[in-house]
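In what follows, a single structure is set out as structure tokens and then discussed.
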Amino acid sequence: MPTDAHSRPTGDAPEPLYDLNVATPTHAERARTLVSRISTGTLCTLAAEPEGFPYGSFVTVAFDNGHPVFLVSTMAEHTRNLQRDSRASLLVAETGSADPLANGRVTLLGSCTRVEGDGGSARAAFLETHPNAAYYVDFGDFGFWRLKVESIRYIGGYGRMSWVEAADWQAAEPDPLAEAASDIITHMNDDHADAAVLYCRAFSKATEISAATMTGVDRYGFEMSAETAEGPRPVRLMFPQPVGTSDEVRTALVTMLKMARITLEAKT
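Numbered according to this note's numbering, the sequence shown spans residues 960 to 1227.
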């Protein structure tokens, strides 16, 4: 299972309270998950006039086998730029955090060229994401363009960033819990806060804690913020096996809770 080396503490960071070898989404998986949930971005092309300056445009986007696809007009400035120089990049960014720099974002770089014919798979992918585009998709001045991803920069907020290899980007898949994660976290924190404490005490070094809250969940495991005497500390635990649905998460958490109780009883 993958581990995220970029999550490891460095410098004067305190000793982690959990096993750093626990399965964790790779940056490629995190990046693919992020873009799978966002359908707009900033397309940067090289301006024809003033020549060579980066030109940013707000665009709607979909993804076709990991490559961004756009439906754009020949009258758009960015289309004219691409007709002259195909080099481009796309920035896709999350919103929501009170601190904008704590949000995740992905920058994709490559060559952006027009898709021949009726658009093929690019057309299907775009219309699935943007069904309202159906009314102008066949206008004569519109066409599909695909950015062939060659380089990827992932930033997951403070302290989590790297360049992702194009091969890793292509091989990665979005996390199947991405859409359900928020509801799972809310449910666990509202109705099962006591279970989070037991998970920490049984399966990590966070044995002397007053409370814990779930902060993240993915196919491999979940993350918590544990309240210690020194303040909140992160804890990550792994599911017995990867999961793909809310029901599978529920089953895994119930199993882990039973195991936690048995483990803690054995220690007393």
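Glycine included, each C-beta is placed from N, C-alpha and C at the ideal position.
Q | Euclidean distance between Cα positions of Ala-1170 and His-986 | A | 29 Å
**Q.** Distance, Pro-1133 Cα to Val-1213 Cα
**A.** 25 Å
Q) Using DSSP with H/G/I as helix, E/B as strand and the rest coil, what is Pro-968? A) Only weak support is given to the placement of Pro-968: the predicted model assigns it a pLDDT of 47, under 50, and the value that follows is read from those uncertain coordinates. Three-state result, Pro-968: coil.
Q: Can you grab the Cα-Cα spacing for the pair Ala-1155 / Ala-1083, in whole Å?
A: 43 Å
Q: Alpha carbon to alpha carbon, how far is Lys-1226 from Thr-1187? Give it in angstroms, no decimals.
A: 20 Å
Q) Of all the options Ser-1048, Gly-1063 and Leu-1049, which has the alpha carbon lying nearest to the alpha carbon of Gly-1055? A) Gly-1063
Q. Can you list, in chain order, the residues of its chain whose CB lies under 6 Å from that of Ala-964, leaving out five sequence neighbours each side?
A. In this predicted model, Ala-964 has a pLDDT of only 46, less than 50, meaning its place in the structure is not dependable; the value taken from the coordinates is given anyway. The answer is none, since no qualifying residue turns up.
Q | Neighbour-count burial assignment, Thr-1145, 16 or more Cβ in a 10 Å radius | A | exposed
Q: Give the C-beta separation of Arg-1220 and Leu-1157 to the nearest angstrom, bearing in mind that I take them to be a contact with Cβ-Cβ under 8 Å.
A: 7 Å
Q. Run through DSSP, which three-state label would Val-1194 get?
A. strand
Q: Specify, as a first and last residue, the run of the beta strand (DSSP E) that Val-1208 falls within.
A: Here Val-1208 belongs to no beta strand (DSSP E); instead the alpha helix (DSSP H) covers 1205 to 1226.
Q.
Beta-carbon within less than 6 Å of Ala-1161's beta-carbon, same chain only, minus the 5 sequence neighbours each way: which residues are those?
A. Ala-1219, Thr-1222 and Leu-1223
Q: Please state if the CB of Gly-1011 and the CB of Leu-1049 are separated by a distance shorter than 8 Å.
A: no
**Q.** Three-state class that DSSP yields for Thr-1145 in the structure shown
**A.** helix
(Q) For Val-1123, report the span of its beta strand (DSSP E) as first-last. (A) 1120 to 1123
Q | Glu-1182 - DSSP class collapsed to helix/strand/coil | A | strand
Q) Residues in its own chain within less than 7 Å of Ala-1139 by CB, not counting five upstream and five downstream? A) Ser-1205
**Q.** Local Cβ density within 10 Å of Tyr-1179, reported as buried at 16 or more and exposed below that
**A.** buried
Q: Identify whether His-1151 lies in helix, strand or coil by the three-state DSSP scheme.
A: coil
Q) Opposite Thr-983 in the DSSP bridges: which residues? A) DSSP output for Thr-983 lists no bridge partner at all.
Q | Supposed contact pair Arg-1105 and His-1026 - C-beta distance, whole angstroms, cut 8 Å | A | 5 Å
Q | Distance, Asn-980 Cα to Ser-1163 Cα | A | 13 Å
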